[in-house]
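Each residue of the sequence shown is one higher than the last, beginning at 8 in the working numbering.
The C-beta atom is built at its ideal place from N, Cα and C for all residues, glycine as well.
Just so we're clear, the structure is a prediction, and the values are computed from it rather than from any experiment.
Report on the structure given below.
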Amino acid sequence: MELFVFVAASIMILGGAIGVIVRPNPVHAALSLVLTLFGVAVMFVSLHAHFLAAVQVIVYAGAIVVLFLFVIMLLGVDRTEDISVEPITAQRPLAVVIGVGIAAIVSAAVVSSAD
């Protein structure tokens with residue numbers, strides 16, 4: 008039973024996190040963040056940390072996401088940016104190289120700490 012709850016919460020968390028990244032609409036991204044935060048609350052409940060789960064839902068999923076949505080609506084970010092225009096030339100390839108480098112460093116740290 009614990010494994011099922013863990014897998015279900017993990018799927019909720021990963022699905023919501025991927026939704027935050029890939030959604031072009033900021034409102035939909037904020038709602039995906041709610042899914043992620045509820046998944047974390049389910050993890051807390053499975054660890055018998057009921058107070059932390061309640062705080063997670065009330066403070067983060069309630070107040071913080073409502074604040075995000077308020078700012079999104081206030082700023083009027085209802086249209087997506089044109090991502091075909093690159094503000095800095097070669098920004099994306101450089102970002103990929105830096106990201107791969109950081110992932111390699113983290114992987115090396117995890118492998119060396121496993122010994």
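Cβ-heavy atom distance, residue i to the ligand NAD, below 7 Å
i          : result
residue 73 : Only the bare structure without any ligand can be found here, which leaves the ligand NAD out of the picture.
Cβ separation of residue i and residue j, assumed to be a contact under 8 Å, to the nearest whole Å
i           : j          : result
residue 42  : residue 67 : That belief does not hold up - the Cβ atoms of residue 42 and residue 67 are roughly 12 Å apart, past 8 Å.
residue 162 : residue 20 : In the structure displayed, the chain extends from 8 to 122; residue 162 sits before or after that span and is not available.
Contact under 8 Å by Cβ, residue i with residue j
i          : j           : result
residue 75 : residue 111 : no
residue 6  : residue 49  : Absent from the model: residue 6. The displayed extent of the chain is 8 to 122, so no value can be given.
residue 71 : residue 34  : no
Of the residues the options, the one placed nearest residue i, counting alpha carbons only
i          : options           : result
residue 40 : 55, 57, 22 and 56 : 22
Own chain residues within Cβ distance below 6 Å of residue i, not counting five before or after
i          : result
residue 64 : 48
residue 12 : 53
8 Å CB neighbourhood of residue i in its chain, flanking five on each side removed
i           : result
residue 113 : none
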